[in-house]
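There are 2 protein chains.
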Amino acid sequence: MRIKILGSAAGGGFPQWNCACPNCRRLRDGSLRGRSRTQTQLAVTSDNQSWYLIGASPDLRQQIVSCLELAPETGTPSSPITAVFLPSADVDAVMGLLHLREFQAFLVFATPAVQQILKEENHIFRVLERAKPPVAWFSLPFPGQPGRAGANDLRFNAVPTGGEFPDYVSDELRGTLPAEQAVVGFILEQSGKRAFIAPSLSGRRPEWKTWAESSDLVLIDGTFWSDDELIHTGRSKKTARQIGHIPLSGPDGLLAQYPKSARGRKVLLHINNTNPILDEESAEHRAVLDAGFEIAYDGMEFDL
Amino acid sequence: MRIKILGSAAGGGFPQWNCACPNCRRLRDGSLRGRSRTQTQLAVTSDNQSWYLIGASPDLRQQIVSCLELAPETGTPSSPITAVFLPSADVDAVMGLLHLREFQAFLVFATPAVQQILKEENHIFRVLERAKPPVAWFSLPFPGQPGRAGANDLRFNAVPTGGEFPDYVSDELRGTLPAEQAVVGFILEQSGKRAFIAPSLSGRRPEWKTWAESSDLVLIDGTFWSDDELIHTGRSKKTARQIGHIPLSGPDGLLAQYPKSARGRKVLLHINNTNPILDEESAEHRAVLDAGFEIAYDGMEFDL
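Residue numbers (our numbering), protein chains in the order written: chain A, 1 to 304; chain B, 305 to 608.
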């Protein structure tokens with residue numbers, strides 16, 4: 001399988017439109033050694049013909065237009081994009097569906113809870129019904145459950161990674177939704193190779209370590225360096241853990257908790273604009289590389 | 305007043321992600337003499353400090369990040385964007401509000417019907433309530449009505465330009481909404497100067513001619529060259545007029561109907577990817593220029 005990173009930043013991207021934190025300010029004035037990044041978005045193929053999107057980022061139009069492999073071939077509509085896999089109902093995971101409103105039929109895979117949120121409380125996603133046939137929705141299978149998503153011999157499974165339903169969901173609906181359907185990661189398997197993709201990892205459920213240990217490629221939550229990062233930079237009053245992200249640093253952080261026996265490539269994804277690892281001259285950037293992690297960037301690509 | 309065009313294409317932009325019409329195909333392979341364009345978005349200021357957005361395009365993050373004047377100055381959040389004026393509830397006019405979800409307080413001006421559509425049937429826009437204070441919504445004043453939008457001596461008024469509520473609105477809600485609140489243009493006035501901005505003009509209501517005649521700058525619907533353009537290129541089974549756009553050509557088209565006595569600059573905006581005027585070597589491009597019109601492009605700017 002082939003995996004392309006079309007976007008590698010957390011919600012809002014890097015720089016964020018209204019943020020003047022040290023990273024964003026220095027990126028704008030050219031004094032930061034580092035790269036701008038669009039919001040997290042992956043594209044996967046097993047045959048270089050059909051492409052599957054993981055996530056539907058707010059920057060998706062820009063990301064597709066700048067990716068040659070995703071250009072339509074002939075006729076119209078004729079995009080090679082055949083399915084979209086949604087990890088959650090967060091704005092930065094679903095807003096991009098609205099970019100795909102141009103009369104194109106494709107499949108959407110999401111947990112039943114995420115589907116309910118979009119269909120029952122957000123009529124704007126009905127624009128996807130204008131395609132003929134309309135966009136078709138399917139439930140994501142969890143490992144061991146019946147059901148299957150994918151094509152050829154590429155198989156997708158969802159794994160709950162902890163985390164919350166978005167704030168915008170009504171209290172009435174939220175009360176009826178199973179917590180494990182809020183945020184998922186993905187296991188991709190083909191030809192004996194496995195990729196584990198978890199842009200949002202709460203760290204509250206231990207299964208992630210098993211998947212990290214047994215995968216050839218792990219694309220994993222690198223949102224925040226420290227638990228209080230958003231508070232320090234004035235962006236929020238909540239900690240990283242409170243909004244569903246295990247921070248990289250600290251004794252309970254991702255770097256320390258990552259299984260020592262894991263042999264696959266490990267790549268940090270979904271990096272927030274406030275994260276000091278975005279500064280390639282920082283001690284934190286160095287620490288992450290020294291721990292054997294790579295840092296995802298827009299345009300990075302993997303062949304498994 | 306100063307008006308910047310951040311985006312000049314119709315919904316989907318140019319090229320469109322899944323379109324291989326002659327324009328899109330030739331733009332991709334480099335054989336078209338013409339420019340790529342993001343979706344229609346304007347920014348207006350009267351003091352070079354506070355900026356007002358007209359529309360909230362799906363490309364808004366990209367558009368803000370590439371516009372130096374819209375960068376935040378100090379602290380966070382500290383964007384110079386203070387208000388957003390919505391011309392309709394169409395996806396390409398409102399989706400960009402979701403790009404502005406990063407804890408920033410600003411004002412949104414829209415007709416009561418557009419507000420109802422977003423608030424009652426689309427909970428995802430509640431992300432704007434996370435700002436402290438939350439984003440505040442106001443009704444757009446029509447000319448002659450009490451109420452006022454703007455700052456310093458810059459005044460905004462809305463004028464109905466005909467057109468439909470979007471397909472995604474439920475039949476129940478649609479039945480209760482006044483038709484003249486579906487799609488509006490804007491009259492901007494300051495220091496004796498007037499701009500008329502109508503990216504969607506149905507041509508069904510005659511008032512637009514009065515506004516076009518009496519304005520120093522007219523930014524007006526250049527979506528389609530011909531009424532059957534979408535049908536010819538296989539993008540839809542509807543005509544331009546059926547979806548609320550007067551075409552440029554023909555005896556009842558915009559070029560022929562435009563008031564001869566108008567003295568202001570006249571600029572075509574909201575240009576669809578299928579429109580032959582995007583090809584700078586086409587007869588249609590030449591015909592538009594010969595008729596005294598300019599064709600908007602991303603980055604175009606006006607001082608009044």
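Each residue gets a CB set at the ideal place from its N, CA and C atoms; glycine is no exception.
From a predicted model like this one, the values you see are computed outputs, not experimental measurements.
Reduced DSSP secondary structure (H/G/I, E/B, other) of residue i
i: residue 161 (chain A); result: coil
i: residue 219 (chain A); result: strand
i: residue 321 (chain B); result: coil
i: residue 193 (chain A); result: strand
i: residue 231 (chain A); result: helix
i: residue 473 (chain B); result: coil
i: residue 327 (chain B); result: helix
i: residue 547 (chain B); result: helix
i: residue 555 (chain B); result: coil
i: residue 33 (chain A); result: coil
i: residue 115 (chain A); result: helix
i: residue 72 (chain A); result: coil
i: residue 353 (chain B); result: coil
i: residue 517 (chain B); result: helix
i: residue 203 (chain A); result: coil
Nearest-angstrom beta carbon gap, residue j and residue i [assumed within contact, 8 angstroms]
i: residue 41 (chain A); j: residue 29 (chain A); result: Rounded, the Cβ-Cβ distance is 27 angstroms, inconsistent with contact.
i: residue 127 (chain A); j: residue 98 (chain A); result: 7 angstroms
i: residue 599 (chain B); j: residue 507 (chain B); result: So it is not a contact: roughly 19 angstroms between Cβ atoms.
i: residue 609 (chain B); j: residue 312 (chain B); result: What the structure shows of chain B is the stretch from 305 to 608, and residue 609 (chain B) is not part of that stretch, so it cannot be assessed.
i: residue 343 (chain B); j: residue 317 (chain B); result: 5 angstroms
i: residue 516 (chain B); j: residue 500 (chain B); result: 6 angstroms
i: residue 107 (chain A); j: residue 83 (chain A); result: 4 angstroms
i: residue 597 (chain B); j: residue 572 (chain B); result: 5 angstroms
i: residue 444 (chain B); j: residue 488 (chain B); result: 7 angstroms
Buried versus exposed call for residue i [16 or more other C-beta atoms within 10 Å across all chains shown]
i: residue 436 (chain B); result: exposed
i: residue 341 (chain B); result: buried
i: residue 314 (chain B); result: buried
i: residue 57 (chain A); result: buried
i: residue 244 (chain A); result: buried
i: residue 172 (chain A); result: exposed
i: residue 92 (chain A); result: buried
i: residue 166 (chain A); result: buried
i: residue 580 (chain B); result: buried
i: residue 419 (chain B); result: buried
i: residue 261 (chain A); result: exposed
i: residue 247 (chain A); result: buried
i: residue 87 (chain A); result: buried
i: residue 27 (chain A); result: buried
i: residue 474 (chain B); result: exposed
i: residue 423 (chain B); result: exposed
i: residue 102 (chain A); result: buried
i: residue 266 (chain A); result: buried
i: residue 479 (chain B); result: exposed
i: residue 298 (chain A); result: buried
i: residue 593 (chain B); result: exposed
i: residue 111 (chain A); result: buried
i: residue 153 (chain A); result: exposed
i: residue 372 (chain B); result: exposed
i: residue 47 (chain A); result: exposed
i: residue 200 (chain A); result: buried
i: residue 519 (chain B); result: buried
i: residue 263 (chain A); result: exposed
i: residue 179 (chain A); result: exposed
i: residue 113 (chain A); result: buried
Beta-bridge pairing of residue i - partner residues as DSSP gives them
i: residue 107 (chain A); result: A:83 and A:136
i: residue 39 (chain A); result: A:9
i: residue 269 (chain A); result: A:221
i: residue 303 (chain A); result: A:2
i: residue 480 (chain B); result: Paired residues: none, contrary to the question.
i: residue 294 (chain A); result: A:267
i: residue 512 (chain B); result: Paired residue(s): none; residue 512 (chain B) is not in a bridge.
i: residue 185 (chain A); result: A:159
i: residue 358 (chain B); result: B:346 and B:389
i: residue 122 (chain A); result: B:426
i: residue 566 (chain B); result: For residue 566 (chain B), which the question treats as bridged, DSSP gives no partner whatsoever.
i: residue 502 (chain B); result: B:524
Inter-stretch contact (C-beta, 8 angstroms, three-pair minimum) for the stretch 583-597 of chain B and the stretch 535-547 of chain B: no
The stretch 487-495 of chain B in contact with the stretch 422-431 of chain B per 3-pair CB rule at 8 angstroms: Counting Cβ pairs under 8 angstroms, fewer than three are found: no touch.
Any 3 or more C-beta pairs closer than 8 angstroms across the stretch 321-337 of chain B and the stretch 369-387 of chain B: Not touching, per the Cβ criterion.
Cβ-based contacts, 7 angstroms cut-off: residues of the stretch 121-133 of chain A near chain E: No chain E is present in this structure, whose protein chains are A and B.
Cβ contact check for the stretch 160-168 of chain A and the stretch 6-22 of chain A: 3 or more pairs under 8 angstroms: no
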